[in-house]
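Colleague: So for the sequence shown, my numbering puts the first residue at 76; every next one is plus one.
All C-beta atoms, glycine included, are put in the ideal place defined by N, C-alpha and C.
Source: prediction; values computed, not measured.
Below is the structure I would like to discuss, written out as structure tokens.
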Amino acid sequence: MNTLRSFRPLASRLQPSTLPRTVRQFSATTTRSYEYLLLSEPRPGVGQVTLNRPKVLNALCTPLINELNTALDTLNSSPTIGAIVLTGSEKAFAAGADIKEMAPLTFSEAYTTSFIESWSRLTTQIKKPIIAAVSGHALGGGCELAMMCDILYCTESANFGQPEIKLGTIPGAGGSQRLTRALGKSKAMELILTGNSFSGVEAERWGLAARTFPTSEALVEGALATAERVAGYSRVAVQAAKEVVNKSQDLSLRDGVEYERRVFHGLFGSKDQKVGMKAFAEKKKPEWTHE
Ligand code: DAK
Numbered sequence: 076m077n078t079l080r081s082f083r084p085l086a087s088r089l090q091p092s093t094l095p096r097t098v099r100q101f102s103a104t105t106t107r108s109y110e111y112l113l114l115s116e117p118r119p120g121v122g123q124v125t126l127n128r129p130k131v132l133n134a135l136c137t138p139l140i141n142e143l144n145t146a147l148d149t150l151n152s153s154p155t156i157g158a159i160v161l162t163g164s165e166k167a168f169a170a171g172a173d174i175k176e177m178a179p180l181t182f183s184e185a186y187t188t189s190f191i192e193s194w195s196r197l198t199t200q201i202k203k204p205i206i207a208a209v210s211g212h213a214l215g216g217g218c219e220l221a222m223m224c225d226i227l228y229c230t231e232s233a234n235f236g237q238p239e240i241k242l243g244t245i246p247g248a249g250g251s252q253r254l255t256r257a258l259g260k261s262k263a264m265e266l267i268l269t270g271n272s273f274s275g276v277e278a279e280r281w282g283l284a285a286r287t288f289p290t291s292e293a294l295v296e297g298a299l300a301t302a303e304r305v306a307g308y309s310r311v312a313v314q315a316a317k318e319v320v321n322k323s324q325d326l327s328l329r330d331g332v333e334y335e336r337r338v339f340h341g342l343f344g345s346k347d348q349k350v351g352m353k354a355f356a357e358k359k360k361p362e363w364t365h366e
């Protein structure tokens with residue numbers, strides 16, 4: 076019984092007492108139904124995607140990844156959504172790519188199937204910030220998915236790791252690159268070579284997670300509150316901020332600074348920059364255009 080309860084998606088565990096009246100299924104779900112995830116708009120301007128494949132700890136099979144791509148595209152193009160929260164259940168954010176699906180793939184199948192295609196699209200075309208809210212296991216591809224997001228929140232007891240070495244393989248969706256950038260080479264190398272897990276507390280201490288929460292309910296509340304706050308700012312500024320911070324992962328310092336300066340200048344052509352600075356001078360609350 077306990078196990079089943081912990082499998083319930085976090086969003087549903089908050090209903091109805093702690094979720095505000097504005098909770099509703101995201102409108103796009105009326106035309107599309109999802110087998111492996113839930114899509115909702117729990118706060119104004121906030122889209123929430125909840126991974127929901129409980130029997131296998133949200134193991135990321137290709138149909139799930141395809142649905143995730145579709146859900147993120149839907150939220151990305153929605154004019155009402157400013158920020159996204161991606162979460163799982165209390166027990167698992169995701170225990171990795173689906174090992175049983177991957178196991179029989181031949182060399183050429185692993186290269187040509189939609190497996191690679193679907194993963195390589197993940198989050199890369201999403202202009203709106205994504206907050207990963209991680210409770211329970213975030214292993215292998217689950218850890219990689221969390222690290223692909225823009226902000227990582229987790230419970231203190233979350234269980235992160237890149238255990239692929241135990242399967243005779245290595246991280247394949249960016250884990251070795253992102254973990255090394257976040258933790259430095261020595262710590263990342265130790266974790267990848269041993270396959271050891273690390274807790275949410277360690278993830279925060281090492282700078283991988285922005286914040287920890289004592290419970291999964293507090294985690295989702297915290298992620299939604301941050302997302303709502305971000306969604307309330309100028310959309311064009313928020314998207315520019317996401318773009319330039321993410322560029323720091325790819326560019327040299329010199330090129331990154333130049334890139335940031337160009338995006339900064341670009342904002343002088345936006346209405347919201349005028350709105351924001353005029354409101355400051357007039358001591359008023361800015362009314363963003365959400366252009
Ligand atoms: N895949 C498939 N099934 C999984 C799974 C996974 N990753 N993780 C768990 N399950 C299933 C279990 O098989 C079990 O199913 P039944 O036996 O009941 O049918 C069910 O979930 C419950 O799991 P356990 O009974 O094992 O639960 P425990 O609490 O005892 O253990 C655990 C939880 C998370 C420690 C354990 O399940 C575990 O070690 N899971 C595997 C973790 C792991 O090794 N993850 C890394 C997988 S490799 C790429 C993209 C992505 C990737 C690579 C390349 N490209 C695009 C190139 C990613 C690779 C990976 O993620």
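Could you work out which residue in Ala221, Leu214, Gly247, Arg256 is closest to Pro379 when comparing CA atoms only?
Modeller: Because the chain here runs from 76 to 366, residue 379 falls outside it and cannot be looked at.
Colleague: Assign Met223 to buried or exposed, taking buried as 16 or more other Cβ atoms, counted over all protein chains shown, within 10 Å of its Cβ.
Modeller: When all chains shown are included, Met223 counts as buried.
Colleague: CA-CA distance, Leu135 and Ala354?
Modeller: Distance between the alpha carbons of Leu135 and Ala354 is about 46 Å.
Colleague: Please report the straight-line C-alpha distance between Pro154 and Glu265, rounded to a whole angstrom.
Modeller: Cα-Cα distance, rounded: 44 Å.
Colleague: Using only the heavy atoms of ligand 1, determine whether one of them is closer than 7 Å to the beta carbon of Ser164.
Modeller: Because no heavy atom of ligand 1 lies under 7 Å away, the Cβ of Ser164 does not count as near it: no.
Colleague: How many angstroms separate the CA atom of Val131 from the CA atom of Ala170?
Modeller: Their Cα atoms are separated by approximately 8 Å.
Colleague: Measure from the alpha carbon of Ala56 to the alpha carbon of each residue in Gly163, Ala263, Lys360, Ser327, then state which is nearest.
Modeller: Nothing about residue 56 can be reported from this structure: the residues present for the chain run from 76 to 366 only.
Colleague: Using a 10 Å radius around the Cβ and a threshold of 16 neighbouring Cβ atoms, would you call Ile140 buried or exposed?
Modeller: Classification for Ile140: buried.
Colleague: Per DSSP, what kind of secondary structure is Cys229 in: helix, strand or coil?
Modeller: If DSSP states are grouped into helix, strand and coil, Cys229 belongs with the strands.
Colleague: Would you say the beta carbon of Ser195 is closer than 7 Å to some non-hydrogen atom of ligand 1?
Modeller: Because some heavy atom of ligand 1 lies under 7 Å away, the Cβ of Ser195 counts as near it: yes.
Colleague: Given this structure, state the Cα-to-Cα distance separating Glu366 from Asn151, to the nearest angstrom.
Modeller: Straight-line Cα distance between these residues: approximately 14 Å.
Colleague: Quick one: what's Val160 bridged to in DSSP?
Modeller: Note: Val160 sits in a beta bridge opposite Gln123, Ile206.
Colleague: Since Gly297 contacts Ala233 with CB under 8 Å, what's their CB separation in whole angstroms?
Modeller: Gly297 to Ala233, Cβ: 13 Å. No contact.
Colleague: For Ala213, which three-state DSSP category applies?
Modeller: Ala213: strand per DSSP, three-state reduction.
Colleague: What did DSSP end up calling Thr301 once you bin it into helix, strand or coil?
Modeller: Thr301: helix per DSSP, three-state reduction.
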